[in-house]
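Chemist:
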Amino acid sequence: EMPGVVSGVVPIVWPVSGKSAAALRAQAAQLRVFLDTLDDDALTAAGRALATTRAVFEHRAVVIAADRTQTAAALDALAAGQDTDLPHDTARDSKLAYLFTGQGAQRPGMGRGLYEAFPAFAAAFDEVTAHLEPGLREIMWGSDAELLNRTQHTQPALFAFEIALFRLLESWGLRPDFLAGHSIGELAAAHAAGILSLPDAATLVTARAQLMGQLPQTGAMIALQAGETEVLPLLTDTVSLAAINGPNNVVIAGDHHTTLQIAAHF
Numbered sequence: 352e353m354p355g356v357v358s359g360v361v362p363i364v365w366p367v368s369g370k371s372a373a374a375l376r377a378q379a380a381q382l383r384v385f386l387d388t389l390d391d392d393a394l395t396a397a398g399r400a401l402a403t404t405r406a407v408f409e410h411r412a413v414v415i416a417a418d419r420t421q422t423a424a425a426l427d428a429l430a431a432g433q434d435t436d437l438p439h440d441t442a443r444d445s446k447l448a449y450l451f452t453g454q455g456a457q458r459p460g461m462g463r464g465l466y467e468a469f470p471a472f473a474a475a476f477d478e479v480t481a482h483l484e485p486g487l488r489e490i491m492w493g494s495d496a497e498l499l500n501r502t503q504h505t506q507p508a509l510f511a512f513e514i515a516l517f518r519l520l521e522s523w524g525l526r527p528d529f530l531a532g533h534s535i536g537e538l539a540a541a542h543a544a545g546i547l548s549l550p551d552a553a554t555l556v557t558a559r560a561q562l563m564g565q566l567p568q569t570g571a572m573i574a575l576q577a578g579e580t581e582v583l584p585l586l587t588d589t590v591s592l593a594a595i596n597g598p599n600n601v602v603i604a605g606d607h608h609t610t611l612q613i614a615a616h617f
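First residue of the sequence shown? That's 352 in our numbering, and the numbers climb one at a time after it.
See below:
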């Protein structure tokens with residue numbers, strides 16, 4: 352969120368670029384003059400034109416404002432080379448990676464604003480949810496956080512949101528070089544990469560969520576800064592080694608009380 356931009360109000364977004372820092376400031380000064388020639392209802396269209404019809408150079412900044420006054424102030428600050436809250440940097444030759452997050456990122460209402468604002472998101476969301484459990488949309492956009500936090504609902508909800516968001520970014524021309532995922536996000540990444548079809552991914556997501564939802568609620572997982580050889584002698588019939596993330600980073604899982612006892616040892 353940018354200072355002064357009201358939540359729910361479509362902001363004015365003007366990208367600015369130049370071949371050098373001085374050129375970037377000069378371009379901001381020219382745009383400040385240009386701003387005074389525009390009607391208020393043309394400000395958003397001008398931002399779109401700047402993004403799609405102008406050459407893009409190495410030194411870049413983005414003016415994000417709620418109205419004409421804020422736009423003018425931001426351009427003045429950028430032209431003067433003053434420190435501002437504007438996103439600004441120098442473009443580098445680098446690759447783009449997406450990480451699809453796992454369980455724990457869910458929240459009531461996630462995706463509802465995007466659904467209302469962007470047809471590409473809405474179309475993808477409708478397509479994905481058609482392959483998932485009935486009533487998922489109502490659970491996602493309801494006010495019952497506890498219901499959404501139940502694993503059998505959480506995982507399909509995250510999958511639907513993440514794939515719809517991926518398709519929205521895709522509609523804007525963004526193409527990642529790498530895809531990765533954590534937990535349920537692995538399945539979203541696999542579908543986005545074309546490894547799994549949507550019906551197959553949705554079937555796997557649903558089955559995984561239902562099976563994990565049947566697990567007892569008395570379990571726990573704890574990450575330890577310890578090596579495998581240090582942890583193995585402490586494991587019991589009710590606690591196992593769940594993951595080896597590195598030479599000195601493992602995860603144990605099992606009975607809540609016993610996992611806490613083992614964790615206390617470290």
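Glycine included, every Cβ here is placed at the ideal spot set by N, Cα and C.
From a predicted model like this one, the values you see are computed outputs, not experimental measurements.
Do you know whose CA, among Pro598, Phe476, Thr502, Pro366, lies nearest Phe517's CA?
Modeler: Counting from 1 along the sequence shown, the entry for residue 517 is found at position 166. The residue with the shortest Cα to Cα distance from Phe517 is Phe476.
Chemist: Do Leu562 and Ile603 have their beta-carbon atoms positioned less than 8 Å apart in this structure?
Modeler: Position 252 of the sequence shown, counted from the first residue, corresponds to residue 603. Position 211 of the sequence shown, counted from the first residue, corresponds to residue 562. No; because the gap between Cβ atoms is not below 8 Å, this pair is not in contact.
Chemist: Taking a contact to mean a Cβ-Cβ separation below 8 Å, would you say Gly564 touches Asp606 in this structure?
Modeler: Numbered from its first residue, the sequence shown carries residue 564 at position 213. Numbered from its first residue, the sequence shown carries residue 606 at position 255. For Gly564 and Asp606, no; Cβs fall outside 8 Å.
Chemist: Does Phe469 come out as helix, strand or coil in the three-state DSSP assignment?
Modeler: As a working mapping, residue 469 is identified with position 118 in the sequence shown. Coil at Phe469, not helix or strand.
Chemist: Just curious, the alpha helix (DSSP H) that Ser522 is in, first and last residue?
Modeler: Working through the sequence shown from its first residue, we reach residue 522 at position 171. Ser522 -> alpha helix (DSSP H) spans 502-522.
Chemist: Considering only the alpha carbon of each residue, which of Ala417, Ala541, Ala372 lies closest to Thr452?
Modeler: As a first step, residue 452 must be located in the sequence shown, where it is residue number 101. Here the closest residue by C-alpha is Ala541.
Chemist: Count the other CB atoms within 10 Å of the CB of Thr587; is the residue buried (16 or more) or exposed (fewer)?
Modeler: As a working note, residue 587 is residue 236 in the sequence shown. The residue in question, Thr587, is exposed, as its Cβ has fewer than 16 Cβ neighbours within 10 Å.
Chemist: Hey, out of Leu520, Val407, Leu538, whose CA is closest to Ala508's CA?
Modeler: Residue numbering aside, residue 508 sits at position 157 when the sequence shown is read from its first letter. Of Leu520, Val407, Leu538, the residue nearest in Cα terms is Leu538.
Chemist: Where do the ends of the alpha helix (DSSP H) carrying Thr557 lie?
Modeler: As a position in the sequence shown, residue 557 is number 206, starting the count at 1. Unbroken alpha helix (DSSP H) run through Thr557: 549-564.
Chemist: To which residues does DSSP link Ala396 through a beta bridge?
Modeler: Translated into positions along the sequence shown, residue 396 becomes position 45. Ala396 is not bridged to any residue.
Chemist: Restricting to Cα atoms, I'd like to know which of Ala558, Val384, Leu450 is closest to Glu513.
Modeler: In the sequence shown, counting from the first residue as 1, residue 513 sits at position 162. Minimum Cα distance to Glu513 is reached at Leu450.
Chemist: Sort out for me which residues DSSP pairs Leu530 with in a bridge.
Modeler: Locating residue 530 in the sequence shown gives position 179, counting from the first residue. Beta-bridge pairing links Leu530 to Tyr449.
Chemist: Could you name the residues of the same chain whose beta carbon sits closer than 6 Å to that of Trp492, not counting the 5 residues immediately before and after it, in chain order?
Modeler: As a first step, residue 492 is located in the sequence shown; it is residue number 141 there, counting from the start. Around Trp492: Gly460, Arg463.
Chemist: The beta strand (DSSP E) spanning Arg411 covers which residue range?
Modeler: Residue mapping note: residue 411 aligns to position 60 of the sequence shown, counting from 1. 410-416 is the span of the beta strand (DSSP E), which, as asked, contains Arg411.
Chemist: For His439, does the three-state DSSP call read helix, strand or coil?
Modeler: The residue you call residue 439 lines up with position 88 of the sequence shown. Strand, per DSSP.
Chemist: Roughly how many angstroms lie between the CA atoms of Gly369 and Ala593, to the nearest whole one?
Modeler: Here residue 369 refers to the residue found at position 18 of the sequence shown. Here residue 593 refers to the residue found at position 242 of the sequence shown. For Gly369 and Ala593, the distance between alpha carbons rounds to 51 Å.
Chemist: So, does the segment 437-450 touch the segment 405-414, judging by three or more C-beta pairs under 8 Å?
Modeler: yes
Chemist: Take Pro485 as the anchor and find which of Ser494, Ala471, Gln503, Ala468 has the nearest alpha-carbon.
Modeler: As a working mapping, residue 485 is identified with position 134 in the sequence shown. Closest by alpha carbon: Gln503.
Chemist: Return yes when the Cβ of Thr404 is within less than 8 Å of the Cβ of Trp365, no when it is not.
Modeler: Here residue 365 corresponds to residue number 14 of the sequence shown, with the count starting at 1. Here residue 404 corresponds to residue number 53 of the sequence shown, with the count starting at 1. In this structure, Trp365 sits away from Thr404, with a CB-CB distance that is not shorter than 8 Å.
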